[in-house]
Amino acid sequence: MVFDNNHQSNTIKPIRVFIIDSKINCSIIDKYFLNNQLIHIISTANNGKLILYKLNNVLPDVVLINPEIGVLKYQNDLNNSVASIYNVIKIIADIKEYIDKAPKILIYSSSINEDNNFIYKAINAGADGYIMKSSLQELELAIIATSKGYINSSLLSLQMEKENECIENWTTVTQEKLEGMPKIYLRLLLYVMLTIILTFVLWLFSSKFEKVSSIEGKLEPEANIRVIDSPVTGKVKSIKIKSGQKVKKNQPLLILDSKLNFVEKSQKQTQLINQNKKLVQLKKSKDRLEQSLLNFNIQFKSKLTEKQAQLTQSQNLIKTKKSELLEVETNLKIAENKYKLYSNSKNKEIFPQIMVLEARQILEQEKQNIFQAKKEFESSKYVYVEKLSQLTVLEQEFKIKIIEVQQEVDKINNEIVNLSNEIQLTQNLIKIINYQINDQIIHAPINGIIFENIVSHSGVMVKQGQPLMNIAPEESNIVFRGQIKSKDSAFLKVGLPARIKVNAFPWREFGVLTGKISFIAPSSKINNDNEQVFDVEIRLNSNYDFKYLKLLSYGHTGKAEVIVRKENIISFLINN
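For the sequence shown, position 340 matches number 1389 in this note's numbering, and the numbering has no gaps at all.
Pasting the structure below:
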């Protein structure tokens, strides 16, 4: 993780440390912490007579004691190594007793080989921590943890070992005493033991046993995670950050080599050229059809005018023939009357025979004339009907032709519209490709912390839209998310307290985190081990100085223990 020392110095009070060690060791430690913003060495001592005086004046947060300091003159004790260790224990007890606002006491050593007897005495005297000194970095973390009140797990186990040893010694001594006791004392002892047994039985029925379920998981940001996807298809050229690093908005994260986009751009440009050529051809076809329609319209109007003239001429011919027919009919009637008059006359002298014959010839001639006139009249009507039919056919042909040409024009217009849309789409794709080619550097969209680097090294081929990394928003609280087996989740509910043991130094050594269950998935799922599990989220009770000490980070794994129910010990023993 990246430490932001400037931020820390403005927001957290440094830990004041007092060192009791040799001059050489004090100088080495003081030089190491010279520029440290979290830890300030305020004073040192290698003379036992001045320790309490200095401590009362400077009032440190943590006192760092090396039991290997050598000869330490303190209250006129003997000058040997045993006296030195004894003096250290005496100093610890005096600090806790006489110093106002007694500081935390941390013992560090590199060659004492974890002398359990000495460590036990130091704990009883008031020591708060113990560490085998292997590096100054570990010493730094131990000072921070001790100042926060975290207890070293090795100290707890040492206390348990000491108690067990006391119990074993007590059992052996008790057995020897019993063998030498008179009978009256044995009876008294039996009564006492019976009382103890009854008390134990009552304790079995009254005391409750805690049923604990385990949840395997890891620390994650509580806020929604921003997923950074690859905008292009290409090869990862370089990665500018690593998992756990803080980033600022617009900070470069990763560079992609997107040469594949140049090939795609060339293909799209060729496609665009072909589409434009086709569009030009379609427009020319449309122009030809429209010109053909215009020419056909002109021809139609010309033929229409001609047919209308012929129709008018036929109408006039009908009128003429009708007039001629009427005239012939009139002449026929005159000829008939004249012939009747001549033929029916009794006076042959007035109308001689020759006049009768002449009148008859005229009558026959008029009959022929009327036959011819009727024939011509009917012929003129037939011509009119024929011309009218031709005009109708011409109009129908024109309408059909107009519809056919218009359909062709509409079809071409649709093709032009579709092709224009395709051209616009291709142009947009080319713009996107140009943008992608220029956008090979991936920037951080927000201020945050790199929660997970999905692509962890350069040279990897990625596809467009493929996730590259996850960013947690800045100042996001840390929660513990994990999975609990279905068989262990019967009594699990939101709000139950939880203890989290994180697999990360120094938390592995200096205690547990506490929190409460804030979410339980409504339905189960199958994990990689083919087990039915539920997703669970635990919200921590405190941020544990995550933002300042940098002791924990997103992604650290661990195990949470939840007390799901309590039952009588006797019930537990019977059921199990």
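Even glycine gets a Cβ: it sits at the ideal position worked out from N, Cα and C. None of these values were measured; they are calculated from a predicted model.
Three-way DSSP call (helix, strand, coil) for residue i in this model
i: Leu-1237; result: helix
i: Val-1509; result: coil
i: Asn-1519; result: strand
i: Trp-1219; result: Low per-residue confidence applies at Trp-1219: pLDDT is 46, beneath 50, and the placement is therefore not dependable enough to give any value.
i: Met-1541; result: Residue 1541 is actually Leu in this sequence, not Met. Coil.
i: Lys-1599; result: The predicted position of Lys-1599 is uncertain, since its pLDDT is 48 and thus under 50; a value taken from the coordinates is nonetheless stated next. Lys-1599 falls in the coil class under three-state DSSP.
i: Gln-1318; result: helix
i: Val-1137; result: helix
i: Asp-1578; result: coil
i: Asn-1502; result: strand
i: Ala-1176; result: coil
i: Asn-1125; result: Because the pLDDT at Asn-1125 is just 40, under 50, the model does not fix this residue reliably, and the value given afterwards should be weighed accordingly. Correct three-state label for Asn-1125: coil.
i: Ser-1392; result: helix
i: Ser-1429; result: helix
i: Val-1528; result: strand
i: Ile-1482; result: helix
i: Val-1281; result: coil
i: Glu-1265; result: strand
i: Ile-1246; result: helix
i: Glu-1610; result: strand
i: Ile-1533; result: strand
For residue i, the first and last residue of its enclosing alpha helix (DSSP H)
i: Ser-1092; result: Looking at the DSSP string, Ser-1092 is not in any alpha helix (DSSP H); the run it does join, the beta strand (DSSP E), is 1088-1094.
i: Asp-1079; result: 1072-1081
i: Lys-1103; result: 1100-1107
i: Gln-1186; result: 1185-1196
Residue i, buried or exposed, once every other Cβ within 10 Å from all chains shown has been counted against 16
i: Gln-1305; result: The sequence as given places Leu at residue 1305; Gln does not occur at that position. Buried, since its Cβ has 16 or more Cβ neighbours within 10 Å.
i: Ser-1538; result: buried
i: Ile-1068; result: buried
i: Asn-1173; result: exposed
i: Pro-1516; result: exposed
i: Gln-1532; result: buried
i: Asn-1577; result: exposed
i: Thr-1220; result: Its pLDDT being 48, under 50, Thr-1220 is placed unreliably in this model, and the value from its coordinates should be taken loosely. Answer is exposed; the Cβ neighbour count stays below 16.
i: Glu-1446; result: exposed
i: Asp-1177; result: buried
i: Pro-1004; result: The question about residue 1004 has no answer here: the residues shown for the chain are numbered 1050 through 1625.
i: Ile-1490; result: exposed
i: Met-1518; result: buried
i: Asp-1070; result: buried
i: Ile-1322; result: exposed
i: Ile-1141; result: buried
i: Ala-1521; result: buried
i: Asn-1136; result: buried
i: Ala-1358; result: exposed
i: Glu-1586; result: buried
i: Tyr-1603; result: buried
Unbroken beta strand (DSSP E) run spanning residue i, endpoints
i: Val-1585; result: 1581-1589
i: Thr-1563; result: 1562-1569
i: Lys-1276; result: Rather than Lys, the amino acid found at residue 1276 in this sequence is Val. Note, Val-1276: beta strand (DSSP E), 1275-1278.
i: Ser-1158; result: 1153-1158
i: Ala-1547; result: 1546-1551
i: His-1605; result: Taken as a continuous stretch (DSSP letters only), His-1605 belongs to no beta strand (DSSP E), as it is neither H nor E.
i: Ile-1114; result: 1111-1114
i: Ile-1148; result: It is not in any beta strand (DSSP E) - Ile-1148 carries neither H nor E in the DSSP assignment.
i: Ile-1290; result: Looking at the DSSP string, Ile-1290 is not in any beta strand (DSSP E), and its letter there is neither H nor E.
i: Ile-1491; result: 1490-1492
i: Ile-1064; result: 1064-1069
heavy atom of the ligand HEM below 8 Å from residue i C-beta
i: Gln-1300; result: Judged by which ligands are present, the structure shown has none, so any question about the ligand HEM falls away.
Closer than 9 Å to chain C by CB, residue i
i: Leu-1366; result: Of the protein chains in the structure, only one exists, and it is not chain C.
Query raised in the report: Are three or more beta carbon pairs between the stretch 1357-1367 and the stretch 1377-1387 nearer than 8 Å?
Result: no
Query raised in the report: Should the stretch 1270-1289 be regarded as contacting the stretch 1503-1522, the criterion being three or more beta carbon pairs within less than 8 Å?
Result: yes
**Report entry** Contact the stretch 1099-1115 vs the stretch 1147-1154: 3+ CB pairs below 8 Å
**Finding:** yes
Query raised in the report: Is it a yes or a no for the stretch 1452-1468 touching the stretch 1330-1347, going by three-plus beta-carbon pairs under 8 Å?
Result: yes
Report task. Jot down the residue ranges of each uninterrupted beta strand (DSSP E) in the stretch 1295-1378, minimum 3 residues, whole runs only, in chain order. Result -> 1301-1306
Query raised in the report: Below 8 Å, can you find three or more Cβ-Cβ pairs linking the stretch 1338-1354 to the stretch 1410-1424?
Result: no
Query raised in the report: With contact counted as at least three CB pairs below 8 Å, one residue from each stretch, are the stretch 1496-1505 and the stretch 1287-1298 in contact?
Result: yes
Requested in this report: Run through the stretch 1399-1477 for me and flag every whole beta strand (DSSP E) of 3 or more residues, listed as ranges in chain order.
Outcome: none
Query raised in the report: Are the stretch 1381-1391 and the stretch 1402-1411 touching, with three or more C-beta to C-beta distances below 8 Å?
Result: yes
Query - Sufficient close CB pairs (3 or more, under 8 Å) joining the stretch 1541-1549 to the stretch 1563-1578 - result: yes
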